[in-house]
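Enquirer: This is the structure, below, for whatever I ask next.
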Amino acid sequence: MEGYMRNKEGCLQFLDFMEKERDSVGEGVEEEISRSPSLEHKLELRLGPPGGDWSIKNITKTSKETDVYSNGFFSKSSCSQIPSVLIPPCPERRSFHHESANSSQPCGGRINPEIQTPEKKLVQPSHIDVPTCSNSQKRTSPASLVGWPPIRSFPKKNGTGNSSKLATQSTDEALTERSRRLFVKINMDGVPIGRKIDINAYDNYEKLSIAIDELFRDLLPAQCTSCNRKAEVDRDGRNAISSTLNESREYALVYEDNEGDRMLVGDLPWPMFVSTVKRLRVLKTTELPKLQNECKLLQISNR
Amino acid sequence: MVSSQKLYKDNTSIKSMSNEVLENILSFVDSHKDRNSVSLVCKDWYDAERWSRSKLFIGNCYAVSPEIVARRFPRIKSVLLKGKPRFSDFNMLPPGWGANVHAWLVKFSTVYPFLEELRLKRMIIGDDSLQLLADSFPSFKALSLSSCEGFSSDGLKAIAKNCRNLTELDIQDCVMLDGRGDWVSGFPENFNSLEVLNFSRLDSDVNIDDLEKLVTRCISLKVLKLNESIPSEQLHRLLGCATQLTELGIGVSLQAPQNGLYMDLESNFNKCKNLQVLTVLWDSNPFYLPIFFGACSGLTFMNLTDAPLGSGDFSSLLSKCPNLCRIWVLDTVTDKGLEALGSSCPLLEEYRVLPYDPYDLDDGPGVTEVGFEAVSNGCRKLHYVLYFCRKMTNAAVKAVVQNCPNFTHFRLCIMNPCQPDHTTGEPMDEAFGAVTKTCGKLKRLSISGLLTDLTFEYIGRYAKKLETLSVAFAGRSDRGMQCVLEGCPKLRKLEIRDCPFGNGALLSGLAKYETMRSLWMSSCAVTIRGCSVLAKQMPRLNVEVIKDEENDDDLVAEKIYVYRSLAGPRTDAPPFVLTL
């Protein structure tokens, strides 16, 4: 929040700067941009000349402000997380060479006069810094931006989708009614499409494991034989997933909790598990050692 | 002198040909746009038109007041009202913003006692309004609510109980206050006039016994769209009327393969020989997919936005649907599925690919430029596309519009903001340059990806028929927005978010905004000062600033909504909406 405010001040400073600098910008730019009365002159804000003749000197002088300014155009919630696309695709392209100036145009480099402007003026602002926040982000989830991607989502019966803020006061009854169902996503290695499962429908790990077995069992043979739509029940498939809690089997059930950590299913008392589980995943046991290196691992015991 | 007098005489004789005849002729003119033109010819034509108009279309409920409407049009039977700006669908409008229909209904109940149809989009309608509706209009026939909210099962029950002549109850994408389904039991025992019943996305636990009785006695039922509360094993109880249905929507959630159940369902769908539209909410084992195959031969529109299918299943389904004109699908089908679409459905005119998991980046490959191009190769009649993807190239877009130059609606959403062409690293400007240059009939455009002002230059220069433009994370300077405002003569709706357009851009469109329905700008560089200037210069515009509670910077105008209005500033604006 504060960061955002700071950016805004930076914006305003920059805007003042822009207005002062206006006189130093070439005539052509002025004509091109403002074909309107003086009122608009005063109020007009520009990030940079669309092909004006800013010299490198000017750009480097303002690069600090531009970083701040350019950050300011994303919605508040993403202000500190610039989308990954600001990181140029390959490190080698970082410096804006003449030929490849088109190739990496992160949003952070907005001050960079675009090659494709009508005047086709090229500038080599090699001093431009890509905003520092972008380095720390692998990939910003669009979930950090409000209303993006522009998809409508509903508090659907199966619990997926973000509940619409617009769904106003439900009665208390309705709330308890709905909270009885707790759907979590479950993915399985080798199956491209995830499913959903109502955790509250089960009392213990055994029942959960049987249900998961049912859910995916018939998909396994279907995955193996490419076009066999009427998948027959495969006894082997059944055994592969059931008793997933048993480490010696082919598959293991892991879950992601509300802190984002991945853990093997089975250690917590059932009610506690239900309250912290956010997602489930069925992994091949061969994948487990990798998991051990990355995440917390709890002892599993047969229940 | 003599000749002009003679002319005058001739004019009066035409006049005396009588307004009745004119009204008669005008009764064949349906389109409100044509009627608006008619009303501009002369005073007599204006009068004849207003007396003969029976269908009212109001694109922005705040652009005009119920009183003005009632004064001008005395004989209205059907009303379509639209409320909130479109970005409210994406949670960008705080709750309580407005667009409540009640005041309209109060007025209508006094001046239009013979009202038959009410269609609302993005409005609030409470139970009291539904009760008023049910009580005030004895001839009421059709209620259609799209993206509305504020009502509960009680309100729907009031409609069910009192509207004896109801033929259409169509509830799309609405949010109910409760999850009860007892509104179905509100229909009286002798009620049987329903032809359209749609509640496919309503979160409502409908009682299947009541529903079965209702569906059985409504022998004229043509459109039946159910939600997921109906257990799949019981679907057959509602499909007795399958043969007469032209549109069907169902939810199928079955896991364990059971041959008996499979054959049961299959035989039911085989009866759907007249089906043109099928919507499936699918959460089942692929084993069951072929149950639909018998219903697909006549299908023109298939909606699979709640049916995550892989490419294999999708292909087999498509092979049964040669007559498909429109399809809505999830990106789980991947590029491979889209290739199948291109080869199976040559008659395709519209397709939409929506993301299965918009926020979760590690699920599935989704669709890319490969699928985009593949569909256009096979489906040359395309004129509408909505495509959500994570990567795209300029070359693919160019190829698509070369294949299909007749696009009227081109909506491309590259989901990572500011994403360049992933093969060249260039901005996506040339893609939209190609779209605007090649598609002369383009009416609606949504742009995305890394975009500079050049895109907007292209739009302003070439998109002369453009009516709706949606922009996000694009542009470099005010010039972008200016190009569009100066270059697109038919522009009606402009919605912009997260772009570097400031007061200069805003004020470059002064006179333009009166020719448009509305302008939305959020997270841009517009300030309150700029908005005040706009408001002062253009008194017939409502310039509204929506303040987010979290940000009380007095200078920044975080969200603005500007629209022309005959009704003056809103009287029902909540405290967070400043009217300047």
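Just so you know, the sequences run in chain order A and B. Following my numbering, the numbering of the first sequence begins with 1 at its first residue and continues without gaps. Following my numbering, the numbering of the second sequence begins with 1001 at its first residue and continues without gaps. All C-beta atoms, glycine included, are put in the ideal place defined by N, C-alpha and C.
1) Terminal residues of the continuous beta strand (DSSP E) containing B:Met-1302?
2) Could you give the DSSP three-state label for B:Leu-1226: helix, strand or coil?
3) Among B:Asp-1210, B:Cys-1389, B:Gln-1258, which residue has its Cα nearest to the Cα of B:Glu-1233?
4) Could one say the Cβ of A:Arg-281 lies closer than 8 Å to chain B's Cβ atoms, at least one of them?
5) Taking B:Pro-1539 as part of the beta strand (DSSP E), name the residues at either end of that continuous run.
6) Hey, B:Ile-1076 and B:Arg-1053 are a contact pair by Cβ (cut 8 Å); roughly how many whole angstroms apart?
7) Quick one: what's got a C-beta closer than 6 Å to B:Leu-1261's C-beta in the same chain, skipping five residues either side?
8) Anything in the stretch 1140-1154 of chain B with a Cβ closer than 7 Å to a Cβ of chain A? List those residues in chain order, please.
9) For the structure I just gave you, are there three or more beta carbon pairs, one from the stretch 1144-1151 of chain B and one from the stretch 1173-1191 of chain B, closer than 8 Å?
10) For the stretch 1332-1347 of chain B against the stretch 1384-1399 of chain B, do three or more pairs of beta-carbon atoms, one drawn from each stretch, fall closer than 8 Å, so that the two count as touching?
11) Could you compute how far the alpha carbon of B:Gln-1255 sits from the alpha carbon of A:Asp-189?
12) Just verifying my parser: in three-state terms, what is the DSSP assignment at B:Val-1533?
13) Report the neighbours of A:Leu-264 on chain B: residues whose CB is nearer than 9 Å to its CB, in chain order.
14) Who does A:Tyr-255 pair with in a DSSP beta bridge?
15) Does A:Glu-214 get closer than 8 Å to chain B when you measure Cβ to Cβ?
16) How many angstroms separate the CA atom of B:Val-1435 from the CA atom of A:Ala-211?
17) Classify B:Leu-1040: buried if its beta carbon has 16 or more other beta carbons within 10 angstroms, exposed otherwise.
18) Find the nearest neighbour of B:Ala-1099 within the set B:Met-1123, B:Ile-1250, B:Leu-1080, judged by alpha-carbon distance.
19) Please report how far the alpha carbon of B:Val-1385 lies from the alpha carbon of B:Ser-1088, in whole angstroms.
20) Answer with buried or exposed for B:Leu-1318, where buried requires no fewer than 16 other C-beta atoms within 10 angstroms of its C-beta.
21) Closer than 8 Å is the cut-off here; do at least three beta carbon pairs connect the stretch 1464-1480 of chain B with the stretch 1531-1539 of chain B?
22) Give the residues of chain A in contact with B:Cys-1413, contact being defined as C-beta atoms less than 7 Å apart.
23) Short check: CB of B:Asp-1154 to CB of B:Asn-1198, under 8 Å?
24) Taking all protein chains shown into account, decide if B:Ile-1025 is buried (16 or more other Cβ within 10 angstroms of its Cβ) or exposed.
25) Following the continuous alpha helix (DSSP H) through B:Asp-1548, name the residue where it begins and the one where it ends.
26) Nearest chain A C-beta to B:Asp-1173 closer than 8 Å, yes or no?
27) Which term fits B:Ile-1327, buried or exposed, when burial requires 16 or more other beta carbons within 10 angstroms of its beta carbon?
28) Are any of the Cβ atoms in chain A nearer than 8 Å to that of B:Pro-1574?
29) Does any CB atom of chain A fall closer than 8 Å to the CB of B:Thr-1332?
30) Rank B:Gly-1502, B:Arg-1461, B:Ile-1058 by C-alpha distance to the C-alpha of B:Leu-1081 and give the top, closest one.
31) Taking Cβ positions only, does A:Ile-210 come closer than 8 Å to chain B?
32) Check whether the Cβ of A:Ile-193 lies closer than 8 Å to any Cβ atom in chain B.
33) Contact criterion: CB-CB distance below 8 Å. Does B:Pro-1539 meet it with respect to chain A?
34) Looking at the strands, I want to know which residues DSSP matches up with B:His-1409.
35) Using a Cβ-Cβ distance under 8 Å, would B:Pro-1085 count as near chain A?
36) Taking only the alpha-carbon atoms, compute the straight-line gap between B:Leu-1105 and B:Ser-1129 and give it to the nearest angstrom.
Expert: From the atom records:
1) 1301-1306 is the extent of the beta strand (DSSP E) around B:Met-1302.
2) Collapsing the DSSP output to three states places B:Leu-1226 in coil.
3) Comparing alpha carbon positions, the residue from B:Asp-1210, B:Cys-1389, B:Gln-1258 closest to B:Glu-1233 is B:Gln-1258.
4) no
5) Premise fails: B:Pro-1539 is in no beta strand (DSSP E) and is neither H nor E.
6) 7 Å
7) none
8) Near chain A, meaning a CB-to-CB distance below 7 Å, the residues of the stretch 1140-1154 of chain B are Glu-1149.
9) yes
10) When C-beta atoms of the stretch 1332-1347 of chain B are compared with those of the stretch 1384-1399 of chain B, fewer than three pairs fall below 8 Å, so the two segments do not count as touching.
11) 19 Å
12) B:Val-1533: helix per DSSP, three-state reduction.
13) The contacting residues do not exist; A:Leu-264 stays about 20 Å from chain B at best.
14) A:Met-263, A:Leu-280
15) It does; some Cβ of chain B falls within 8 Å.
16) One C-alpha to the other measures close to 49 Å.
17) exposed
18) B:Met-1123
19) 22 Å
20) buried
21) no
22) Per Cβ cutoff of 7 Å: Pro-149, Pro-150.
23) At least 8 Å separates the beta-carbon of B:Asp-1154 from that of B:Asn-1198.
24) B:Ile-1025 comes out exposed.
25) Per DSSP, B:Asp-1548 belongs to no alpha helix (DSSP H) and is neither H nor E.
26) yes
27) buried
28) no
29) yes
30) B:Ile-1058
31) no
32) yes
33) For B:Pro-1539, the answer is no, since every Cβ of chain A falls outside 8 Å of its Cβ.
34) B:Tyr-1384, B:Arg-1444
35) No, its Cβ sits nowhere closer than 8 Å to a Cβ of chain A.
36) 7 Å
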